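Protein chains in written order, with our numbering: chain E, 4 to 374; chain X, 144 to 509; chain G, 838 to 975. Even glycine gets a Cβ: it sits at the ideal position worked out from N, Cα and C. What you are looking at is a predicted structure, and each value in this text was computed from that prediction instead of being measured. Before any comments, here is the structure.
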Amino acid sequence: MKLPFKGAIDCDVHLAMPPVKTLLPFMSDYWQDQIVTRYIDRSSFALMSYPSNSPLSGRADWRAENGGAMPGASLAQLRSQLLDPFEHKIAICHALHGAIALYNEDMGAEFCTAVNRWVAAEWLDHEPRLRASILVHAQNPALAVAEIERCAGDSRFVAVLLPVMGDSPLGRRIYWPIFEAAQKHGLSVCVHAGSTFRNPPTGTGWTSYQTEDYIGQSVAFQNLIISLLAEGVFQKFPDLTFVCLESGFTWMPTLLWRSAKAWRGVRAEVPWIDRNPASIVRERIKLSLRPFDAPEDPDIIKRIFEQINCEDMLVFSTDYPHWQFEGDNTLPDGLPQELIQKILIDNPMASFPRLQSSTRAHARVTQEVAS
Amino acid sequence: MNAPLREVKAEQRLMIVDCDIHPIQRSNRDLYPFLPKHWQQHMETFGPHVRQGLSERISWPRMMASGQRADAYPKEGGPPGSSYELMKRQHLDPNGVEHGMLIALSKGGMEERNQDYAAALMSAVNDWQVECWVKVDPRLRAGVVIVADDPESSVKEIEKRAAQKEFSQIIISPRSAEPLGRRRFWPIYEAAQAAGFPLGIHPAAIPGGAPSTGAGWPTYYMQEHYTFGSASESVAISLVMEGVFERFPRLKIAMIESGFSWAPTLGWRMDSIFERMYKETPHLKRRPSEYMRENFWFATQPIEEPENPQHLIDIFEWIGWEKIMFSSDYPHWDFDDPRYAISVKLSEVNRAKIFRDNAKALYGLS
Amino acid sequence: MAKKYVAAAAGDIAEGGSKLVSIAGRDIGIFNVSGSFFALANRCPHAGGSLCEGFITGIAVSGGPNDYRLERTGEFLRCPWHGWEFDIRTGQSWCDPNSMRARQFAVKVEAGADLAKGPYIAETFEVKVEGEYLVIEL
Chain E
4 MKLPFKGAID CDVHLAMPPV KTLLPFMSDY WQDQIVTRYI DRSSFALMSY PSNSPLSGRA
64 DWRAENGGAM PGASLAQLRS QLLDPFEHKI AICHALHGAI ALYNEDMGAE FCTAVNRWVA
124 AEWLDHEPRL RASILVHAQN PALAVAEIER CAGDSRFVAV LLPVMGDSPL GRRIYWPIFE
184 AAQKHGLSVC VHAGSTFRNP PTGTGWTSYQ TEDYIGQSVA FQNLIISLLA EGVFQKFPDL
244 TFVCLESGFT WMPTLLWRSA KAWRGVRAEV PWIDRNPASI VRERIKLSLR PFDAPEDPDI
304 IKRIFEQINC EDMLVFSTDY PHWQFEGDNT LPDGLPQELI QKILIDNPMA SFPRLQSSTR
364 AHARVTQEVA S
Chain X
144 MNAPLREVKA EQRLMIVDCD IHPIQRSNRD LYPFLPKHWQ QHMETFGPHV RQGLSERISW
204 PRMMASGQRA DAYPKEGGPP GSSYELMKRQ HLDPNGVEHG MLIALSKGGM EERNQDYAAA
264 LMSAVNDWQV ECWVKVDPRL RAGVVIVADD PESSVKEIEK RAAQKEFSQI IISPRSAEPL
324 GRRRFWPIYE AAQAAGFPLG IHPAAIPGGA PSTGAGWPTY YMQEHYTFGS ASESVAISLV
384 MEGVFERFPR LKIAMIESGF SWAPTLGWRM DSIFERMYKE TPHLKRRPSE YMRENFWFAT
444 QPIEEPENPQ HLIDIFEWIG WEKIMFSSDY PHWDFDDPRY AISVKLSEVN RAKIFRDNAK
504 ALYGLS
Chain G
838 MAKKYVAAAA GDIAEGGSKL VSIAGRDIGI FNVSGSFFAL ANRCPHAGGS LCEGFITGIA
898 VSGGPNDYRL ERTGEFLRCP WHGWEFDIRT GQSWCDPNSM RARQFAVKVE AGADLAKGPY
958 IAETFEVKVE GEYLVIEL
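Right, here's the structure in full:
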């Protein structure tokens, strides 16, 4: 179905990654030299999880409008394909640059800095409806923290971005400095589908097909949430919200039931989990609407929502320019009517503390300009 | 709520099929009669050679009594599941087990890296199941333990056991070196289909090589325990997307101790992604969920305990009432008692299907 | 009408110990927690496990990750099946104190001399006038 009103907050919008040479001006002399003389700028940094021409990576009609190239590559296109027709109030952009898969953590961190500076200069400065996440190279949490600190003064950055599958499960204590910095600055943590393939994508080894990898993202998100729970991240960082992007949500009942059941038996191993994990997850985890993995049958959808039993978890996402819906049917049919306002506006606002302050600030600026 | 305790009779009326019972050796010596002298010596000298840091146990110490029912340790010593008398007294008789499907996880060579030793163990454990369990109590049915990593030996073993009436299925671990849909495993499926054996997939605890999650190794047992379900999802995805059921349409999969509430949503997810990505897997002629609906069965333990027990009915309906089979996991700590496991009201017909009829049909039990 | 059952001699159960008894067809665990006696049905309200054959232990509590403390040692019972924890004094589940409770029975310590005056049932042993006994009314 179409959006019933304007002003939605879209929590998962992808910017097409620019050629490496576009990022050069945002890098130091040393890294510019390295990248040019090693010909690092001559091939793409497309992530294995998102091959550029894969049907999922870009909706065909949006590609066609762009002459076959990846949509989301220009602001004009983002406006004409997403922001204007759907009348978004805010779109939170994520720059999933392949640099996060580099093993050289200094090079990876330099790329992340360049990407974040490019996002600010080329996108955020030109379009007040845009917000962004901070790309970090999590292999070295200290470097990631430095980048978060560098970006934190810019209120248009509303989150830190991490892939759901990296070197280690994200709940581990080695990553806590990242969460500490995020919490300190009122940034949320966006965990996005995809892998740096430091590990085989499944607990049983390497898959054959990209389709399998993509299906398996829902498994990765379950393991992520169990890791955050077991490690006590929710207790350690009480003000931090985790937003799962390109996660889907219909797999959630299994996680709620199994974590609650297991907790009653293994609680003593992780005694910091001091209440039912299902209620912790319902409070602290947000899930994006796309991909939508259920028949668009109101009865089935109603039953899934009853099972999840939480009105606050789901946040609106188009996953632009990924192919998640047809035409302008940005919402799946059969969503409970009473949840739509929450999904489109209230839950996203609650998921990103910085949206509250930055929209207030923006309103104030607009007011001042008007008066 | 001060829950009143239901009074139960010692024996319940409905006789059941239990799809997950774990027998175990009292010690290495139990296998000696079935193991050539050379491998007996190897067992004592070198022991297991598996893909993890500890040789005798998993690296996430379990919670309850080493992962066992604390009340299932035989008084005379030995691990839970090693005493037939106790199993009979504690479970088979009082719980009305008409047929019990044995799943012999220990020392079966499933995770062993030395392939010759693995093959010897495989054969020994299968003989041991017959001689020490099925011949002792014909209610019990053996499962052919195989070494997935070694399809050649496994196929021979399957062919050998196909002629023995004591065996009802093949047992394989989801924690293989590669996802089970990969073609290296297909000779096993060909043999299974030819023999008419369902393939019982049961987590074997010891990793097959890959970290338990796509993001790496978990820290706590609580996480590792969750991967019994999540790794099984990966296996289901692999079997379906690789086209195993196009090639072997009569192959039947029993997911045991793997969870089941994930199955409907995984089917929907596979379908919606396949709709966009189908060109990558042209070998699939139908929607992925159709293979799942047709070729998969699910054992109930550990039963899901939703806050609203009615939600369990949603899941059963979505999977299909013909595909759910009761299992207890005796004598492990998360044992499900057939009297209490399913707390939501079932019709008599559906109760009979879950507790008896579906398994009888799948395994051809009379 | 409630009947008085003599379940055990008080001296049979040392502090920190327990005894499983069968009274009128019911299996009941009696626990001595620091000199006070408590009785719980030997059936876990969760899934029917033999609750009283589980571990008598404390409760693990924590102020956050890497903080482990064991408190109230000897006051909790951990079911031998799924490990659910119950407060021996109240029968309440630690995780679900308001919705999950093991059935509790009142235990009284009575002198053998007093018992001798009234009707009681002692199924397995002889009550002596000079002893002290644990009495459960059903």
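Contacts of residue i in chain G (Cβ-Cβ under 8 Å)
| i | result |
| --- | --- |
| E/GLN238 | GLY901 and PRO902 |
Exposure label - residue i; buried when at least 16 CB within 10 Å
| i | result |
| --- | --- |
| G/PHE913 | buried |
| G/SER855 | buried |
| E/HIS129 | exposed |
| E/PRO22 | exposed |
| G/ALA851 | exposed |
| E/GLY71 | exposed |
| X/GLY507 | exposed |
| X/ARG149 | The predicted position of X/ARG149 is uncertain, since its pLDDT is 41 and thus under 50; a value taken from the coordinates is nonetheless stated next. Its Cβ having fewer than 16 others within 10 Å, X/ARG149 is exposed. |
| X/ARG232 | exposed |
| X/GLU309 | buried |
| X/VAL151 | Unreliable placement is indicated for X/VAL151, whose pLDDT of 44 sits below 50; no coordinate value is reported for it. |
| X/LEU409 | buried |
| G/GLN941 | buried |
| G/VAL966 | exposed |
| X/SER509 | exposed |
| G/GLU908 | exposed |
| E/THR40 | exposed |
| G/ILE958 | exposed |
| G/SER871 | exposed |
| E/ARG287 | buried |
Those residues which DSSP pairs with residue i across a bridge
| i | result |
| --- | --- |
| G/GLU969 | G/ALA948 |
| G/ASP924 | G/PHE913 |
| E/HIS17 | E/HIS97 |
| X/PHE441 | X/MET398 and X/ILE467 |
| X/ALA337 | According to DSSP, X/ALA337 bridges with nothing at all. |
| G/ARG938 | G/GLN929 |
| X/MET244 | X/ARG284 |
| E/HIS195 | E/PRO166 and E/LEU248 |
| X/GLN312 | X/GLY286 |
Contacts that residue i makes with chain E (C-beta to C-beta distance below 7 Å)
| i | result |
| --- | --- |
| G/VAL898 | PRO274 |
| X/TRP405 | TRP254 and THR257 |
Cross-chain neighbours of residue i in chain G, by beta carbon under 9 Å
| i | result |
| --- | --- |
| E/VAL269 | GLY920 |
| X/ASP480 | ALA884, GLY885, GLY886 and TRP918 |
| X/PRO206 | Contrary to the premise, residue 206 of chain X reads as Met rather than Pro in this sequence. GLY920, listed in chain order. |
Distance cut-off 7 Å: residue i Cβ against heavy atoms of the ligand ZN
| i | result |
| --- | --- |
| X/LYS496 | As presented, the structure is devoid of all ligands, the ligand ZN included, so that no description of it is given. |
Proximal chain E residues relative to residue i, where beta-carbon distance stays under 8 Å
| i | result |
| --- | --- |
| X/GLU368 | Reading off the sequence shown, one finds His at residue 368 of chain X, where the question assumed Glu. What X/HIS368 touches in chain E: ALA265 and VAL269. |
| X/ASP457 | ARG306 and GLN310 |
| X/ARG327 | The contacting residues do not exist; X/ARG327 stays about 11 Å from chain E at best. |
Short CB-CB distance (under 8 Å) between residue i and chain A
| i | result |
| --- | --- |
| E/GLU125 | The structure shown contains no chain A; the protein chains it does contain are E, X and G. |
Closer than 8 Å at the beta carbon, the chain X residues around residue i
| i | result |
| --- | --- |
| G/SER887 | ASP214 |
| G/PHE892 | ALA213 |
| E/ASN69 | Chain X residues near E/ASN69: none, gap ~19 Å exceeds 8 Å. |
| E/ALA417 | Since the first and last residues shown for chain E are 4 and 374, residue 417 of chain E lies out of range. |
Within chain G, the residues that residue i reaches when beta carbons sit closer than 7 Å
| i | result |
| --- | --- |
| E/GLU234 | PRO902 |
Taking 8 Å as the cut-off, does the region 400-409 of chain X touch the region 329-348 of chain X (at least 3 CB pairs, one atom from each stretch)? yes
So, does the region 187-196 of chain E touch the region 242-251 of chain E, judging by three or more C-beta pairs under 8 Å? yes
When you check each C-beta in the region 915-931 of chain G against every C-beta of chain E, which residues fall closer than 9 Å? ARG915, CYS916, TRP918, HIS919, GLY920, TRP921, GLU922, SER930 and TRP931
Flag this pair as touching only if the region 947-958 of chain G and the region 892-912 of chain G have three or more C-beta atom pairs under 8 Å; answer yes or no. no
Cβ contact (3+ pairs, closer than 8 Å) linking the region 98-117 of chain E and the region 76-87 of chain E: no
Three or more beta-carbon pairs under 8 Å between the region 267-279 of chain E and the region 297-309 of chain E, yes or no? no
At a CB distance below 9 Å, what residues from the region 465-477 of chain X approach chain E? Give them in sequence order. TRP476 and ASP477
What are the residues of the region 26-57 of chain E that lie near chain X, defined by any Cβ-Cβ distance shorter than 8 Å? SER57
Kindly confirm or deny that the region 364-373 of chain X and the region 200-211 of chain X touch, where touching means at least three C-beta pairs closer than 8 Å. yes
Below 8 Å, how does it come out for the region 916-929 of chain G and the region 874-887 of chain G: are there three or more Cβ pairs, yes or no? yes
Any chance the region 98-114 of chain E sits against the region 42-57 of chain E, with 3 or more Cβ pairs inside 8 Å? yes
Can you list, in chain order, the residues of the region 213-224 of chain E whose Cβ is nearer than 8 Å to any Cβ on chain X? GLN213, THR214, GLU215, TYR217, ILE218, GLY219, SER221, VAL222 and ALA223
Can you list, in chain order, the residues of the region 62-87 of chain E whose Cβ is nearer than 8 Å to any Cβ on chain X? none
Looking at C-beta atoms only, is the number of pairs between the region 59-75 of chain E and the region 129-146 of chain E that lie closer than 8 Å three or more? no
Which residues, in chain order, does the region 370-386 of chain X contribute to contact with chain E at a C-beta distance below 7 Å? THR370, GLY372, SER373, ALA374, GLU376, SER377, VAL378, ILE380, SER381, MET384 and GLU385
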